[in-house]
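So that you can map any letter, position 146 of the sequence shown is 140 in the working numbering, and since no number is skipped, the others follow by simple counting.
Glycine included, each C-beta is placed from N, C-alpha and C at the ideal position.
Below you'll find the structure, written out as structure tokens, and then a few comments.
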Amino acid sequence: MMTIGDFSRATRLSAKTLRFYHQVGLLEPARIDPGNGYRVYSAEQIADAQVIRHFRSLDMPVQLIRDVLAAPDRTERNALIAAHLTRVQAQLEQTRAAVAGLQGLLAEPNTPLTVTHRSVPAMPVLVIREIIDLADLGTWYTAATAELEHLLRSSPLRATGPRGGIWENELFLDEHGTAALFVPVESLDAPAESLGRARLELLPAVDLAVATHRGNDDTIAQVYGALGEYVTRHELGVDGPLREVYLDDAIDGSGTTEIGWPIRRA
């Protein structure tokens, strides 16, 4: 048997932590001396303590650790661990994106933002348009992109330009609003095949102040901010959704995006 001091040295867990694990029923001592109340551990408990320490290093909640240790078989245990690792990976990606965004704010821009004014004519498009939560924008965008690409491959429709997105103001203001992903096509003649949730429609003409972002989503906020500042300074802005055009997409998630801010006609 091992005293709490020896067990602490063997597991690199403090006495305070071991007492806490005992209190929450995560790692109970092998026995407690009835005379002095000292906790005593067995050598066989070292392996459990090491597993718990690794789980806690991944910010796994105590209750989830308890569920993992109590899992009836390896399949259920591995499923619980895999689900937590997925959540940790998502948190790491959010942290990485936040760090990249802050680094972009600290760095001096190599060149000043170039803004052009563009009159975009009405165009026939294949579009997926839905009301979504802002938190779901990434997954929605990925699924809608795949669906549009499949439709273009499996139908007579032919794209006449790069894919684009339209984001209604409410999507950012209220974190809930309309998102649209579209591809310009030759005509509004519907093919015989089903279009699923996609539709053919004529996008109205619009005048835009356009700036270009090169990179991934971690740094696109800087271009949005600079473009908004430009439109405000020149008193050009009008109500209307923002429009993006994706000129290219790289494997690593970076690419070239034209950001269009609606402005009044010259």
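Buried or exposed by the 16-neighbour rule on C-beta atoms within 10 Å, applied to residue i
i	result
His207	buried
Val232	exposed
Leu221	buried
Gly132	exposed
Leu279	Here the chain covers residues -5 to 260 and nothing more, so residue 279 does not appear.
Tyr15	buried
Ile245	The predicted model places Ile245 with a pLDDT of 46, which falls under 50 and marks its position as unreliable; any figure quoted below should be read in that light. Exposed.
Asp212	buried
Lys10	exposed
Leu236	buried
Arg157	buried
Gly159	buried
Ala205	buried
Candidates the options: closest to residue i by CA position
i	options	result
Ala140	Ala73, Glu252, Leu175 and Val82	Leu175
Leu194	Leu63, Leu79, Val34 and Glu180	Glu180
Val34	Arg47, Asp0, Arg50 and Arg60	Asp0
Ser8	Pro28, Ala43, Arg25 and Leu52	Ala43
Gln83	Arg60, Ser248 and Met54	Met54
Gly155	Glu223, Met117 and Ala186	Met117
Met(-5)	Asp27, Gly29, Ala37 and Ser2	Ala37
Range of the contiguous alpha helix (DSSP H) that encloses residue i
i	result
Gly(-1)	Ile(-2) to Thr5
Ile40	Gln39 to Ser51
Val62	Val56 to Ala64
Leu145	Leu131 to Ser148
Arg227	Ile214 to Arg227
Those residues which DSSP pairs with residue i across a bridge
i	result
Trp161	Ala173 and Leu236
His111	Ala203
Trp255	Ala203
Arg123	Ala174
Glu180	Beta-bridge pairing links Glu180 to no other residue.
Tyr15	Partner(s): none; Tyr15 has no beta bridge.
Phe93	Sequence check: residue 93 is Val here, not Phe. Answer is none; Val93 lacks a bridge partner.
Val262	Since the first and last residues shown for the chain are -5 and 260, residue 262 lies out of range.
Arg208	Thr250
Ala153	Val179
Pro118	Leu196
Gly231	Ile257
Distance CB(residue i)-CB(residue j) smaller than 8 Å
i	j	result
Val56	Leu20	yes
Ala203	Trp161	no
Leu230	Arg191	no
Val114	Pro178	no
Arg71	Ala77	no
Arg47	Thr(-3)	no
Leu146	Ala153	yes
Thr172	Leu165	yes
Leu52	Val62	no
Pro185	Leu151	yes
Glu238	Thr251	yes
Glu124	Ser149	no
Heavy atom of the ligand GDP within 7 Å of residue i beta-carbon
i	result
Val204	Inclusion of the ligand GDP in the displayed structure is not the case, the ligand content being empty and no account of it being possible.
Residue span of the beta strand (DSSP E) that contains residue i, given as start and end
i	result
Leu194	Arg193 to Leu197
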